[in-house]
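Visitor:
Residue numbers (our numbering): 1 to 214.
1. Check the DSSP bridge columns for residue 196 and list the partner residues they point to.
2. Which value, in whole angstroms, describes the spacing of the CA atoms of residue 211 and residue 198?
3. If you run the structure through DSSP and keep just helix, strand and coil, what is residue 130?
4. At what residues does the alpha helix (DSSP H) containing residue 53 begin and finish?
5. Could you tell me how far apart the beta carbons of residue 86 and residue 202 are, in whole angstroms, since I believe they sit closer than 8 Å?
6. What residues in its chain sit with their C-beta under 6 Å from that of residue 205, if we drop five residues either side in the sequence?
7. Helix, strand or coil: which one does DSSP assign to residue 9?
8. With DSSP as the reference, label residue 201 as helix, strand or coil.
9. Among residues of its own chain, excluding the 5 on either side of residue 77, which ones have a beta-carbon nearer than 6 Å to its beta-carbon?
10. Put residue 125 into one of helix, strand or coil per three-state DSSP.
11. Rounded to whole angstroms, what is the Cα-Cα separation between residue 79 and residue 154?
12. Taking residue 89 as the reference, which of 59, 127, 107 has the closest Cα?
13. Near residue 122, which residues of its chain fall below 7 Å by C-beta distance, leaving aside the five closest residues on each side in sequence?
14. Here's a check: name, in chain order, each residue in its chain whose Cβ is nearer than 7 Å to the Cβ of residue 215, leaving out the five neighbours to either side.
15. Going by beta-carbon coordinates alone, are residue 55 and residue 180 separated by less than 8 Å?
16. To the nearest angstrom, report how far apart residue 51 and residue 151 are at their CA atoms.
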C-alpha cells in the first residue's frame with residue numbers, strides 16, 4: 001500500500017522543511033518530509049527493509065521496501081527529537097507498540113509531548129520482560145540491528161498506513177496489516193495486539209490476554 005509518493009520525479013510534492021517544523025505530533029514527521037529527505041531515505045537501503053517487503057505481493061515489494069526505508073529515516077528523526085541514543089531498542093519498541101495500538105484502535109493518537117513519557121513507560125515495561133532483553137543482549141550485533149530496524153520500520157509504517165486508511169478506508173487491507181503485525185509482535189515480544197493500551201498522558205499498559213484470531 002503506497003502511502004507516500006516515493007517517485008524521484010516529483011519535486012513539487014515536497015511538504016516543507018522538516019528541520020524548521022514544529023513537532024506537534026508524530027504524524028508531522030511524515031507530513032513535513034521534503035522530497036530531498038525522501039530520496040535520501042530511499043537511497044539508504046537496508047536488508048531489513050528488503051526482508052520485510054517480502055510480506056507484500058511481488059508487484060508491490062519494491063514500493064514497500066522504499067516505504068520501510070523511509071520509516072527508518074523518520075524513526076531516526078524521532079530519536080533526535082527525543083534525545084534517544086542511536087539504535088535505542090526501547091525507542092524502537094515504543095513506536096512499534098504505538099503503531100500497533102493505533103492500527104487496532106481506529107487511528108488513535110497521543111500528543112507529541114507525551115512521547116518522552118511513553119518511551120520511559122516502554123523501558124520500564126520491557127525491564128519486566130527480562131527474557132526478551134536477555135535474548136536481545138545475547139544476540140549478535142547484526143541481529144540486534146535487524147530487530148531494532150524491524151520494530152522502528154514496522155511501527156512507523158503502521159502510522160503511515162493508518163493515516164492512509166483514515167482518508168481511504170479499506171477493510172481488506174486493514175485486516176491484512178493486522179494479520180502481519182500480530183505475527184510479528186506475538187513472535188518477538190509474546191504480546192497480543194489487543195493487550196496494548198496507551199492513555200493520552202502517555203501511560204502504557206499491557207494486559208495478559210488469551211490468544212485471539214484477528
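A virtual CB, placed ideally from N, CA and C, is assigned to each residue, including glycine. All of these numbers come straight from a predicted model, not from anything done at the bench.
Guide: To lay it out plainly:
1. Beta bridge pairing from DSSP links residue 196 with 206.
2. Residue placement at residue 211 cannot be trusted, given a pLDDT of 49 that sits under 50; what the coordinates show is reported in the next sentence. Each residue's Cα considered, the two are about 20 Å apart.
3. If DSSP states are grouped into helix, strand and coil, residue 130 belongs with the helices.
4. The continuous alpha helix (DSSP H) containing residue 53 extends over residues 47 to 53.
5. 22 Å between Cβ atoms; not a contact.
6. So the qualifying residues of the chain are 197.
7. Residue confidence is low: residue 9 scores 32 on pLDDT, short of 50, so the model does not pin down where it sits. Its coordinate-derived value is still stated next. Of the three classes helix, strand and coil, the one that applies to residue 9 here is coil, per DSSP.
8. Residue 201 falls in the coil class under three-state DSSP.
9. Cβ within range, chain order: 29.
10. In the structure shown, residue 125 sits in a helix (DSSP, three-state: H, G or I).
11. Each residue's alpha carbon lies about 16 Å from the other.
12. Nearest option by C-alpha distance: 127.
13. If we look at residue 122 and ignore the five residues flanking it on each side, its Cβ neighbours are 90, 93, 94, 97, 204.
14. Only positions 1 to 214 of the chain appear in the structure, and residue 215 is not among them; the question remains open.
15. Closer than 8 Å, so yes.
16. For residue 51 and residue 151, the distance between alpha carbons rounds to 13 Å.
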